[in-house]
Amino acid sequence: MAAAQGRLSDGAGGMDEAKDTEKDRREADTAPRPFRAAVDALRAARLRPQIEVEPTPPPKRLAPYAHALEAAVVDGDEDLADGRLVLLHDPAGHDAWQGTFRLVTLVRAELEPEMAADPLLPEVCWSWLTGALQTRGLTYGEPSGTVTRASSHYFGGLAARPAASQIEIRASWTPREGLGGVPDTAAHLASWCDLLAQVAGLPPAGPGDASVVTLPQRRGPQSR
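In terms of the working numbering, the sequence shown has 91 at position 107, counting the first letter as 1, and numbering is strictly consecutive.
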């Protein structure tokens, strides 16, 4: 797969962004204990070195409490895939979630044209998500999502550009809550990073990941 089309952040930056960050911190300090513990676990998670993760402003209207991360799989100066993971929390519970927490994600990467034409690609991509969760022994409920393929062909003044294809996975699931009503968000983040790595075409991180279906690598051996 080729580089994804840029990072997901769409904020204008500057003082407004700084004010929003400070407001988010104040809101986090007054959030329920289970949500604060879940966010702390996300921040403390240890991840693959090829994946750069940073906080990003969360959506405001999906749940009373939210925390968001964006990530990119990086090879030198090239982004191979990128994505966003949002943790939602509603202490009163949510009928559609069947729980008080929900994880929502967007993952995307560019494809080589011949791979984009594979009729089984959407099913394989969805299996990457469920397989990444299962490989780490995570229990979850109410999964839902879409896998979208998009192709761009260029004409006129842009005719010199090669055709481009992109895969996009949008999904959400309810993580099982553990002691104190807190899900193992660190493990869910690690599984999400496994998904990002697979979409980017990286080899499995360890022996436990070998059971997850992987497409052939699109690049030569990487230097260590």
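Don't be surprised by glycine CBs; every beta carbon is placed ideally from N, CA and C.
{"query": "Per DSSP, cross-strand counterpart(s) of residue 59", "result": "62"}
{"query": "Beta-carbon spacing of residue 58, residue 82 below 8 angstroms", "result": "no"}
{"query": "N- and C-terminal bounds of the beta strand (DSSP E) containing residue 87", "result": "83 to 95"}
{"query": "In DSSP terms, what residue 150 is bridged to", "result": "94 and 134"}
{"query": "Residue 154 and residue 129 closer than 8 angstroms at C-beta", "result": "yes"}
{"query": "Residues near residue 162 by beta carbon distance below 7 angstroms, same chain, minus five either side", "result": "168"}
{"query": "Residues near residue 112 by beta carbon distance below 6 angstroms, same chain, minus five either side", "result": "179 and 182"}
{"query": "Beta carbon of residue 55 nearer than 8 angstroms to that of residue 70", "result": "no"}
{"query": "Cβ-Cβ separation, residue 126 to residue 89 (assumed contact under 8 angstroms), whole Å", "result": "About 14 angstroms; that fails the 8 angstroms criterion."}
{"query": "Cβ distance (whole Å) where residue 149 is taken to contact residue 95 below 8 angstroms", "result": "4 angstroms"}
{"query": "Burial state of residue 137, where buried means 16 or more other Cβ atoms lie within 10 Å", "result": "exposed"}
{"query": "Residue(s) in a DSSP beta bridge with residue 37", "result": "55"}
{"query": "Simplified DSSP assignment, three categories, for residue 24", "result": "helix"}
{"query": "Those residues which DSSP pairs with residue 114 across a bridge", "result": "According to DSSP, which records beta bridges pairwise, residue 114 is partnered with nothing at all."}
{"query": "Residue 183: first and last residue of the uninterrupted alpha helix (DSSP H) it sits in", "result": "169 to 184"}
{"query": "Proximal residues to residue 152 (C-beta, below 6 angstroms), its chain only, five neighbours per side dropped", "result": "92 and 132"}
{"query": "Per DSSP, cross-strand counterpart(s) of residue 158", "result": "125"}
{"query": "Distance between beta carbons of residue 18 and residue 164, contact taken as under 8 angstroms", "result": "6 angstroms"}
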